[in-house]
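A short worksheet on the structure shown next.
There are 2 protein chains.
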Amino acid sequence: MTNEELLLNNLARHISLEQTEIDFFFSLLTQKTLKKKAFLLRQGEVCKTENFILSGCIRMYTIDDSGQEHIVMFGVEGWWTSDLYSFFTGTPSEYYIDALEDAVLLQITKERLELLYEKVPKFERFFRILLQNAFIAQQRRINQNLSYTAEQRYLDFIQKYPQLEQRISQKQVAAYLGFTPVFLSMLRKKLSQS
Amino acid sequence: MTNEELLLNNLARHISLEQTEIDFFFSLLTQKTLKKKAFLLRQGEVCKTENFILSGCIRMYTIDDSGQEHIVMFGVEGWWTSDLYSFFTGTPSEYYIDALEDAVLLQITKERLELLYEKVPKFERFFRILLQNAFIAQQRRINQNLSYTAEQRYLDFIQKYPQLEQRISQKQVAAYLGFTPVFLSMLRKKLSQS
Chain A
1 MTNEELLLNN LARHISLEQT EIDFFFSLLT QKTLKKKAFL LRQGEVCKTE
51 NFILSGCIRM YTIDDSGQEH IVMFGVEGWW TSDLYSFFTG TPSEYYIDAL
101 EDAVLLQITK ERLELLYEKV PKFERFFRIL LQNAFIAQQR RINQNLSYTA
151 EQRYLDFIQK YPQLEQRISQ KQVAAYLGFT PVFLSMLRKK LSQS
Chain B
1 MTNEELLLNN LARHISLEQT EIDFFFSLLT QKTLKKKAFL LRQGEVCKTE
51 NFILSGCIRM YTIDDSGQEH IVMFGVEGWW TSDLYSFFTG TPSEYYIDAL
101 EDAVLLQITK ERLELLYEKV PKFERFFRIL LQNAFIAQQR RINQNLSYTA
151 EQRYLDFIQK YPQLEQRISQ KQVAAYLGFT PVFLSMLRKK LSQS
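Note that the protein sequences, when read in sequence, are chains A and B.
Per our numbering, the first sequence runs over residues 1 to 194.
Per our numbering, the second sequence runs over residues 1 to 194.
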């Protein structure tokens with residue numbers, strides 16, 4: 001699948017576009033290549049773009065006062081990702097976004113996204129549905145953090161990000177689930193024996 | 001402020017409507033009165049409406065296997081509230097929604113909301129922005145649950161829901177923050193002395 005097809009398939013899930021609208025949308029995007037371990041965003045910077053991932057894997061995380069990393073989300077091919085709070089409010093981000101694998105992104109700035117909404121209002125629908133799905137996924141995560149067992153949360157992670165576990169380190173998975181790597185290792189051992 | 005004004009002010013924050021569009025929107029809404037402790041939604045039921053709160057206070061929560069309540073959100077006058085996951089997917093809800101105070105709501109069904117998007121696409125924008133804000137608030141909460149101290153989470157609750165603490169019991173506040181009521185009481189005492 002070409003880059004263009006990957007993004008067009010993503011759009012076609014929710015809206016139907018004319019060729020001129022597609023061309024206009026693509027004219028607003030810029031491509032960015034990110035080497036493994038390179039930063040897309042650092043804490044304190046303003047998140048200037050919403051990003052569609054063409055290839056690779058990125059993570060968004062915070063570092064708490066004790067130096068501990070907490071991963072808020074992963075992103076892989078076909079996912080949209082950014083610090084939406086910083087992106088929409090223009091305030092400095094609390095997050096870091098970096099690449100766990102070499103990555104290629106298509107980026108759109110806030111100004112261009114507003115222009116897109118104005119010129120092609122169908123994109124209001126597209127991003128409304130995208131946000132709707134993101135909101136739902138987050139609500140489930142909040143609930144799970146409160147009421148799921150460690151095992152349930154781990155199994156949910158595998159379901160949400162299929163195959164991701166084979167691509168990233170156990171340390172990253174632990175930082176997403178709020179476990180220590182040792183605890184995650186014990187849990188995986190227990191599950192493989194059950 | 002009349003009911004109509006409260007909702008119109010809410011809409012006017014993000015979109016500008018013609019009188020015919022306002023009339024059409026209002027024709028799609030039905031009013032519902034909820035007595036204190038009455039349920040708007042029970043676990044296992046499908047959430048059939050998105051709800052705008054005209055007055056009163058509601059909460060959305062789950063009950064875990066040990067019988068413990070976990071409050072996911074509160075809603076007061078001027079807030080939109082529903083189990084969006086159940087509402088949009090038509091699957092049974094994991095949540096209960098009930099009234100902590102007598103409440104009056106304006107409700108719109110999924111079918112009518114889709115009709116609204118079709119007839120007045122500006123509402124795509126309105127609900128896109130609403131979801132955007134809800135998403136941002138949730139992302140902050142996930143991060144806070146992982147990295148904030150108990151004290152920081154309590155202070156954030158007060159900021160997010162001003163005056164709410166005077167309206168609901170400490171037990172409810174504790175169930176939102178994931179504290180025991182005893183722990184919350186100790187924390188409040190400590191803060192009042194500092």
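Using N, Cα and C, we set each Cβ at its ideal position, and we do this for glycine too.
Exercise. Going by DSSP, name the residue or residues bridged to residue 59 of chain A.
Key: A:74 and A:98
Quiz item: For residue 64 of chain B, which residues in chain A fall below 7 Å Cβ to Cβ?
Solution: 147
Exercise. Please report the residue range of the beta strand (DSSP E) in which residue 108 of chain A lies.
Key: 103-109
Quiz item: Taking the alpha carbon of residue 158 of chain A as the point to measure from, which residue in A:147, A:176 and A:132 has its own alpha carbon closest?
Solution: Across the set A:147, A:176 and A:132, the C-alpha of A:176 shows the shortest separation from the C-alpha of residue 158 of chain A.
Quiz item: Nearest-angstrom Cα distance between residue 190 of chain B and residue 169 of chain B?
Solution: 19 Å
Quiz item: So, is residue 50 of chain A buried or exposed, given that buried needs 16 or more other C-beta atoms within 10 angstroms?
Solution: buried
Quiz item: In angstroms, rounded to a whole number, what distance separates the CA positions of residue 115 of chain B and residue 138 of chain A?
Solution: Roughly 27 Å separates the two Cα atoms.
Quiz prompt | Residue range of the unbroken alpha helix (DSSP H) whose run includes residue 193 of chain A | solution = 181-193
Exercise. Taking only beta-carbon positions, decide if residue 78 of chain A is within less than 7 Å of chain B.
Key: no
Quiz prompt | chain B contact residues for residue 142 of chain A, given Cβ-Cβ distances below 8 Å | solution = Listed along chain B, the residues sitting closer than 8 Å to residue 142 of chain A by beta-carbon distance are 72, 138, 141, 142 and 145.
Self-check item: Where residue 67 of chain A meets chain B, residues with beta-carbon distance less than 9 Å
Solution: Proximity of chain B to residue 67 of chain A at the Cβ level (cut-off 9 Å) is not reached, the minimal Cβ distance being about 11 Å.
Quiz prompt | Assigned exposure category for residue 37 of chain B - 16 Cβ within 10 Å defines buried | solution = Burial call: exposed.
Practice problem: Classify residue 54 of chain B as helix, strand or coil using the three-state DSSP reduction. | Solution: If DSSP states are grouped into helix, strand and coil, residue 54 of chain B belongs with the strands.
Self-check item: is_contact[residue 38 of chain B, chain A] using C-beta, thresh 7 Å
Solution: no
Practice problem: Give a yes or no on whether the C-beta atoms belonging to residue 101 of chain A and residue 47 of chain A are separated by under 7 Å. | Solution: Taking 7 Å as the Cβ cut-off, residue 101 of chain A and residue 47 of chain A do not qualify as a contacting pair.
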